[in-house]
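With the first letter of the sequence shown counted as 1, position 14 gets the number 14 in my numbering; the numbers rise by one all the way through. Heads up: the structure comes next, in structure tokens.
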Amino acid sequence: ARLGAGPPRDEGRRLMESLRGQHVLVTGAGGALGASVCAALVASGARVTAADLRRTTLDALRADLGQPDRLAVAEADVTSTANLDALFDAVERGTGPVDAVVHCVGGYAGGSLAETDDAALDRMMQLNFFAAARVLRASLRRMLPRGAGRVVVVCGLAAERPSPGAAAYGASKAALAHLVGSAAAEAHGRGVTVNAVMPGMMDTAANRAAMPGADAARWVPTMTVAKTIAALLGPGGDGVTGTLARLPDRS
1 ARLGAGPPRD EGRRLMESLR GQHVLVTGAG GALGASVCAA LVASGARVTA ADLRRTTLDA
61 LRADLGQPDR LAVAEADVTS TANLDALFDA VERGTGPVDA VVHCVGGYAG GSLAETDDAA
121 LDRMMQLNFF AAARVLRASL RRMLPRGAGR VVVVCGLAAE RPSPGAAAYG ASKAALAHLV
181 GSAAAEAHGR GVTVNAVMPG MMDTAANRAA MPGADAARWV PTMTVAKTIA ALLGPGGDGV
241 TGTLARLPDR S
């Protein structure tokens, strides 16, 4: 084989279909990263249920991907336990058991700690920690009795990199990273894996608009994060659990 050549055709086809037959629920699917995750999973052969608060973004995602047989959509607020349980129940009734969950919901609010009020603290914890805790809990309650399942949570390098002006955000991500480790330890040896991806600054339209003078070429492409998630869900992720997969930017 030529050095630098891609995988043989059969191997390339196998990699592209590595998730065939798997049913994956993606929360926060309407965001920039969520949309990339859905695209990567569909390309890997998975059946995807894309969940998001906004029906219009879900409809746009479905139209963009153009594979209605592999992508279902569900309008849902996963920050509510009742709504989340209803989502799982409805999805599993309609499409079958959920084999894997990718949690992409999150949010950012800046500000020094001295200037951050209780409402801002609570918002960061609700979006970045409590929503993930509820999704993890709902996933484990269904997967552990079956003895099979995978969960990947989107965290962030801010969990390990304290910086001025992002105390509430960083603290909520640090709590999330610890939660992932705890969930992985509890599920270890029971057929269920729990991992997190921790990207640095991602190249999204929102980040470009917020930082017009920054060099976006140094940021992490959302598809790079999405492919890492797909790898954790695929055969190469067998036995991998409790991992915080770091994807640093170059800024």
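Backbone N, C-alpha and C fix where the C-beta goes; we use that ideal spot for every residue, glycine too. These numbers were taken from a predicted model, which means no experiment stands behind them.
Residues in its own chain within less than 6 angstroms of Asn207 by CB, not counting five upstream and five downstream?
Stepping through the sequence shown from its first residue, residue 207 is reached at position 207. Nothing listed; no residue qualifies.
Let me know if His103 comes out buried or exposed under the rule of 16 or more other beta-carbons within 10 Å of its beta-carbon.
As a first step, residue 103 is located in the sequence shown; it is residue number 103 there, counting from the start. Residue environment for His103: buried (at least 16 other C-beta atoms within 10 angstroms of its C-beta).
Nearest to Val26 by alpha carbon, out of Glu17, Leu53, Ser18?
Along the sequence shown, one-based indexing puts residue 26 at 26. The option with the nearest alpha carbon to Val26 is Leu53.
Span separating the alpha-carbon of His23 from that of Asp203
As a position in the sequence shown, residue 23 is number 23, starting the count at 1. As a position in the sequence shown, residue 203 is number 203, starting the count at 1. Straight-line Cα distance between these residues: approximately 28 angstroms.
Reduced DSSP category for Thr49 - H, G, I as helix; E, B as strand; rest coil:
The residue given as residue 49 occupies position 49 in the sequence shown. DSSP places Thr49 within a strand segment (E or B) once states are collapsed to three.
Given a cut-off of 8 angstroms, decide if Ala100 and Leu87 are closer than it, judged by their beta-carbon atoms.
Here residue 87 corresponds to residue number 87 of the sequence shown, with the count starting at 1. Here residue 100 corresponds to residue number 100 of the sequence shown, with the count starting at 1. Contact flag unset, no.
Exposed or buried, what is Arg47 when buried is set at 16 or more other beta-carbons lying within 10 Å of its beta-carbon?
In the sequence shown, counting from the first residue as 1, residue 47 sits at position 47. It counts as buried.
In angstroms, rounded to a whole number, what distance separates the CA positions of Phe129 and Gly106?
Within the sequence shown, the letter at position 129 stands for residue 129. Within the sequence shown, the letter at position 106 stands for residue 106. Annotation: Phe129 to Gly106 spans about 8 angstroms, alpha carbon to alpha carbon.
Please state if the CB of Leu157 and the CB of Pro221 are separated by a distance shorter than 8 angstroms.
Residue mapping note: residue 221 aligns to position 221 of the sequence shown, counting from 1. Residue mapping note: residue 157 aligns to position 157 of the sequence shown, counting from 1. Remark: C-beta atoms of Pro221 and Leu157 do not approach each other more closely than 8 angstroms.
Which two residues bound the contiguous alpha helix (DSSP H) that contains His103?
Here residue 103 is taken as the residue at index 103 of the sequence shown, counted from 1. Where His103 is concerned, there is no enclosing alpha helix (DSSP H), although the beta strand (DSSP E) it sits in stretches over 100 to 103.
Nearest to Leu162 (by Cα), restricted to the options Ala210, Gly242, Ala171:
Here residue 162 is taken as the residue at index 162 of the sequence shown, counted from 1. In the sequence as presented, Leu is not what sits at residue 162; that position holds Pro. Of the listed residues, the one whose Cα sits closest to Pro162 is Ala171.
Give the single residue among Asp77, Gly45, Pro212 whose Cα lies nearest to the Cα of Leu71.
If you number the sequence shown from 1, residue 71 lands on position 71. Nearest option by C-alpha distance: Gly45.
Between the C-alpha atoms of Leu61 and Ser36, what's the straight-line distance to the nearest angstrom?
Residue numbering aside, residue 61 sits at position 61 when the sequence shown is read from its first letter. Residue numbering aside, residue 36 sits at position 36 when the sequence shown is read from its first letter. Leu61 and Ser36: Cα-Cα distance of roughly 10 angstroms.
If we require 3 or more residues per run, which beta strand (DSSP E) segments fall completely within the segment 105 to 180?
The beta strand (DSSP E) runs lying completely inside the segment 105 to 180 and spanning 3 residues or more are 149 to 154, given in chain order.
Go ahead and pull the three-state DSSP assignment for Val78.
The count along the sequence shown starts at 1 and reaches residue 78 at position 78. Collapsing the DSSP output to three states places Val78 in coil.
Is Thr116 closer than 8 angstroms to Ala168 when the C-beta atoms are compared?
One-based indexing of the sequence shown puts residue 168 at position 168. One-based indexing of the sequence shown puts residue 116 at position 116. The answer is yes: Cβ separation under 8 angstroms.
For the alpha helix (DSSP H) that contains Leu33, what are its first and last residues?
On the sequence shown, residue 33 is found 33 positions in, with the first residue counted as 1. Counting along the chain, the alpha helix (DSSP H) containing Leu33 begins and ends at 32 to 43.
Cβ-Cβ separation, Ala39 to Ala226 (assumed contact under 8 angstroms), whole Å:
Working through the sequence shown from its first residue, we reach residue 226 at position 226. Working through the sequence shown from its first residue, we reach residue 39 at position 39. The pair is a contact, with the Cβ atoms about 7 angstroms apart (cut-off 8 angstroms).
When you compare the CB positions of Leu244 and Ala177, do they come within less than 8 angstroms of one another, or not?
As a working mapping, residue 244 is identified with position 244 in the sequence shown. As a working mapping, residue 177 is identified with position 177 in the sequence shown. Leu244 is a Cβ neighbour of Ala177, given a cutoff of 8 angstroms.
Residues that DSSP places opposite Arg246 in a beta bridge
Working through the sequence shown from its first residue, we reach residue 246 at position 246. Met198.
Runs of 4 residues minimum, wholly inside the segment 189 to 236: which ones carry the alpha helix (DSSP H) assignment?
Runs of the alpha helix (DSSP H) inside the segment 189 to 236: 205 to 210, 222 to 233.
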